[in-house]
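The block underneath contains the structure these notes are about, expressed in structure tokens.
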Amino acid sequence: ALDRTKLTVQVMGLGMTGFAAEEELRRQGIACELADARNVLFLLSYADGAQETERLYAALHTMAETCAPLCTSRGAGEAALCALPPLPETALTPREAYFARTEHVSVTHAVGRTAAETIVFYPPGIPVLAPGDVIDAATLRYLQTMRAIGARVVGAADASLDTVTVIAKG
Numbered sequence: 630a631l632d633r634t635k636l637t638v639q640v641m642g643l644g645m646t647g648f649a650a651e652e653e654l655r656r657q658g659i660a661c662e663l664a665d666a667r668n669v670l671f672l673l674s675y676a677d678g679a680q681e682t683e684r685l686y687a688a689l690h691t692m693a694e695t696c697a698p699l700c701t702s703r704g705a706g707e708a709a710l711c712a713l714p715p716l717p718e719t720a721l722t723p724r725e726a727y728f729a730r731t732e733h734v735s736v737t738h739a740v741g742r743t744a745a746e747t748i749v750f751y752p753p754g755i756p757v758l759a760p761g762d763v764i765d766a767a768t769l770r771y772l773q774t775m776r777a778i779g780a781r782v783v784g785a786a787d788a789s790l791d792t793v794t795v796i797a798k799g
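The opening residue of the sequence shown carries number 630 in our numbering; numbering runs sequentially from there.
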């Protein structure tokens, strides 16, 4: 049930995020297929042989030896905060939220409001908020932390996550 051409390396033990590891490996000439808060993913194809895999191993080994002390400046503390927030309460069905009047509010004013947009980080591509979800403080902290460590925001009207689209009051 495993794809033998894909190699996932968890880097949290180094005190760094997958995004920081991807950046470091890129400096060494190694391309990652994907990175997330905790991991980097490599795709090894039938065209890759011993030379390519040794180069990847050497780059990972070098990173493990040299980067760990630097990781405090690269989001190590933030990586520890990447635990998923609890499932949000649902105030409206997605359909009701879709057809409701909306407005954009600052994240500082979003707690207790009902989301009118889907906010996803890719990877993994699983919604953190969906239309109709009640926005809580834990979810907002998670959104801001993931954005701060370099996660790619998908679906949000404001990819910076400074504002969120919510159901209008009244």
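Each residue gets a CB set at the ideal place from its N, CA and C atoms; glycine is no exception.
- Distance from the CA atom of serine 735 to the CA atom of alanine 664, rounded to whole angstroms, is 28 Å.
- Using a C-beta cut-off of 8 Å, the segment 645–653 makes contact with the segment 766–783, since at least three inter-stretch Cβ pairs fall below that distance.
- In summary, alanine 739 is buried, with 16 or more beta-carbon neighbours lying within 10 Å of its beta-carbon over all protein chains present.
- In the three-state DSSP reduction, arginine 781 falls in the strand class (E or B).
- Glutamate 662 sits in coil when the DSSP states are folded into three classes, being neither helix nor strand.
- Linking serine 789 to glutamine 773 through their CA atoms gives a straight-line distance of about 9 Å.
- Within the same chain, and ignoring the five residues on either side of tyrosine 727 in sequence, the residues whose Cβ sits closer than 7 Å to its Cβ are Pro760.
- In this structure, alanine 786 places its C-beta atom within 8 Å of the C-beta atom of histidine 733.
- By the neighbour-count criterion, in which a residue is buried when 16 or more other Cβ atoms sit within 10 angstroms of its Cβ, arginine 742 is buried.
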